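Taking the working numbering, I'd label the letters of the sequence shown as residues 3 to 432.
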Amino acid sequence: MFTQDDRAFDRQHIWHPYTSLHEPLPCYPVVAAEKCQLELADGRRLVDGMSSWWAAIHGYNHPRLNQALQQQMAQMSHVMFGGITHPAAVQLCRQLVSMTPEALECVFLADSGSVAVEVSMKMAMQYWLGRGERRQQFLTLQRGYHGDTFAAMSVCDPDNSMHSLWRGFLPPHHFAAAPQCAFDDAWDERDIDDFARLIAQHHTQIAAVILEPIVQGAGGMRFYHPRYLQRVREYCDRYGLLLIADEIATGFGRSGKLFACEHAQIVPDILCLGKALTGGTMTLSATLTTREVADTIGRSEAGCFMHGPTFMGNPLACAVASASLALVQEGAWQRQVAGIEQQLRDQLLALRSHPQVADVRVLGAIGVVESRTPVNMAAIQRFFVDQGVWIRPFGRLIYLMPPYIITADELAQLTTAIGRALDNPALFNA
Ligand code: PMP
3 MFTQDDRAFD
13 RQHIWHPYTS
23 LHEPLPCYPV
33 VAAEKCQLEL
43 ADGRRLVDGM
53 SSWWAAIHGY
63 NHPRLNQALQ
73 QQMAQMSHVM
83 FGGITHPAAV
93 QLCRQLVSMT
103 PEALECVFLA
113 DSGSVAVEVS
123 MKMAMQYWLG
133 RGERRQQFLT
143 LQRGYHGDTF
153 AAMSVCDPDN
163 SMHSLWRGFL
173 PPHHFAAAPQ
183 CAFDDAWDER
193 DIDDFARLIA
203 QHHTQIAAVI
213 LEPIVQGAGG
223 MRFYHPRYLQ
233 RVREYCDRYG
243 LLLIADEIAT
253 GFGRSGKLFA
263 CEHAQIVPDI
273 LCLGKALTGG
283 TMTLSATLTT
293 REVADTIGRS
303 EAGCFMHGPT
313 FMGNPLACAV
323 ASASLALVQE
333 GAWQRQVAGI
343 EQQLRDQLLA
353 LRSHPQVADV
363 RVLGAIGVVE
373 SRTPVNMAAI
383 QRFFVDQGVW
393 IRPFGRLIYL
403 MPPYIITADE
413 LAQLTTAIGR
423 ALDNPALFNA
């Protein structure tokens, strides 16, 4: 049930992501979700192309995830993590330690991706304090995105995340030019020049390099060359700096590898995970690091890592994450993601020659159609809903990152809808 009253209340009182309360964009009431489909209040079903922002990798209403939640709920939904531990957290962290590179063996659980990023930056700063140095600067990449809390925002692309709004409040960091060599391009060594220059110039002040490995997500949906990431790792080693990999969007198979760092065969010193961690059912993040970083933090003046959210290690979230990781470990995702990648290549790359299209790119279960002009958000959203699909573009980016369980027919509905949208100039701003 979703009444006209509910709709009016929503418009008047409830903020949605990046929207104005003054002139809100339309919102579509969803009352149920099953497998790869969202059910609207009026009974229409939409094929989901977004996995609820990279999270619902196994689709919705998954029986094994539901069962994990119900079993945990029957024991306890929550208990504080200070001075207490519980089986759900221990099991999840065991899985995380075994699935991630061997060096990453210490886990900090928190509430959301942005908090994982805050935690990773704090870890890096406290690591340097443990070594007797106060280092508070970070080196990152233009076009990056790491979350909306202030430390995370300070390392997001300055233009996309409107650093101008927070001038004087956000700490200034170093931004290397965004990588230009795409994932499939021939590697051009000059791509790393700007990064190399900045790290050489500022390494004595820098605590860590933070970046999204291979896939720059919300800052532009760009896929860069694995060699770039290898060079970053080499420079971090040369100057003794920590590397933070933000795999909140890419973790658990989305880019075709379990973790995007594997494309470059590098291991970060700190790894941030979130989103798909719980299969998209609950909010939870994990920040993993090495024993050396953890031990060095222990030698800082505080003597411990200074963070401890109320809902740290929430048992419900841990239990469902554990069930989601068990599904990931069973390995069907590899075939599913490879199948999605092939179909996206077959059906989206053909759109490259369309006059409205500036670029099309595909990596793993991510397909991006970049248009020449920005979409008219309200109009294109309505168009997609009328076509029976849920696709939420932003700016000039129309992209798909469906649940891994999507069928070939459902995926074809998504790619067909994008093709039709491109033929409709009214859906784009001049
Ligand atoms: N890092 C990356 C790479 C992300 O894509 C996001 C979310 N889009 C975040 C961090 C922030 O995660 P959350 O929205 O859960 O705070």
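Using N, Cα and C, we set each Cβ at its ideal position, and we do this for glycine too. Only a predicted model underlies this, so the values are computations on that prediction, with no experimental measurement involved.
Ser287 carries a strand assignment under DSSP once its states are collapsed to helix, strand and coil. Counting along the chain, Ser355 sits inside no beta strand (DSSP E), nor does DSSP assign it H or E at all. The beta carbons of Ala278 and Ile59 sit about 5 Å from each other, so the pair counts as a contact at 8 Å. A direct Cα-Cα distance of roughly 15 Å separates Cys320 from Leu290. The stretch 280–299 and the stretch 125–138 touch, with three or more beta-carbon pairs separated by less than 8 Å.
Rounded to the nearest angstrom, the gap between the Cα atoms of Leu48 and Ala153 is 36 Å. If you compare the alpha carbons of Leu402, Arg229, Leu244 with that of Trp189, the shortest gap goes to Arg229. The beta carbon of Gly390 lies closer than 8 Å to those of Arg46, Arg47, Leu48, Val49, Gln415, Ala419 in the same chain, with the five residues before and after it left out.
A Cβ-Cβ contact shorter than 8 Å links Thr142 with Phe177. Take the alpha-carbon of Leu413 and the one of Leu351: they are about 14 Å apart.
Just so you know, the alpha carbons of Ser22 and Pro31 end up roughly 18 Å apart. If you check the CB distance, Tyr406 and Gln344 do not come in under 8 Å. Selection Leu243, Arg199, Ala10, Leu71 evaluated against Pro317 yields Leu71 as nearest (Cα-Cα). Distance check between Gly397 and each of Val364, Thr409, Asn431, Phe386 places Asn431 closest, using alpha-carbon atoms only. Excluding its 5 nearest sequence neighbours in each direction, Ile400 has C-beta neighbours in its own chain below 6 Å: Val371, Ile420, listed in chain order. Setting aside the 5 residues that flank it on each side, Thr417 is surrounded in the same chain by Gln345, Leu346, Gln349, Leu350, Gly369, Leu402, each with a C-beta closer than 8 Å to its C-beta; the list follows chain order. A Cβ-Cβ separation of about 5 Å places Cys263 in contact with Pro215 under the 8 Å criterion. Residue pairing by DSSP places Phe110 opposite Thr289 in a beta bridge.
Under the criterion of beta carbons closer than 8 Å, Arg145 and Gly221 qualify as touching, at roughly 4 Å.
Every alpha helix (DSSP H) stretch that sits fully inside the stretch 391–424 and reaches 4 residues is listed by chain position as 410–424. The shortest CA-to-CA distance from Gln69 to any of Gln358, Ala360, Ala325 is the one to Ala325. As DSSP reads the structure, Thr142 sits in a beta bridge with Phe177.
Distances taken from the Cβ of Tyr147 to the heavy atoms of the ligand PMP include one shorter than 7 Å.
Rounded to whole angstroms, the separation of the alpha carbons of Arg224 and Val364 is 10 Å. In the three-state DSSP reduction, Ala210 falls in the strand class (E or B). Distance check between Thr312 and each of Thr102, Gly305, Ala112 places Ala112 closest, using alpha-carbon atoms only. The DSSP-derived three-state label of Cys95 is helix. As the crow flies, the alpha-carbon of Arg137 is around 33 Å from that of Trp56. Rounded to the nearest whole angstrom, the CA to CA distance from Leu429 to His309 is 46 Å. Contact check between the stretch 267–276 and the stretch 236–254: three or more CB pairs, one atom from each, fall below 8 Å, which counts as touching.
The shortest C-alpha to C-alpha distance from Met314 to any of His80, Gln139, Ile393 is the one to His80. Distance between Phe261 and Arg199, taken at the CA atoms: about 28 Å.
Where Ile382 is concerned, there is no enclosing beta strand (DSSP E), although the alpha helix (DSSP H) around it starts and stops at 379–388. Secondary structure note for Asp12: it is in no beta strand (DSSP E), and the uninterrupted alpha helix (DSSP H) holding it is 6–15.
Put simply, of Pro395, Gly305, Ser373, Arg354 the residue whose alpha carbon is nearest the alpha carbon of Gly134 is Gly305. Between Ser257 and Ala118, the gap from beta carbon to beta carbon reaches 8 Å or more.
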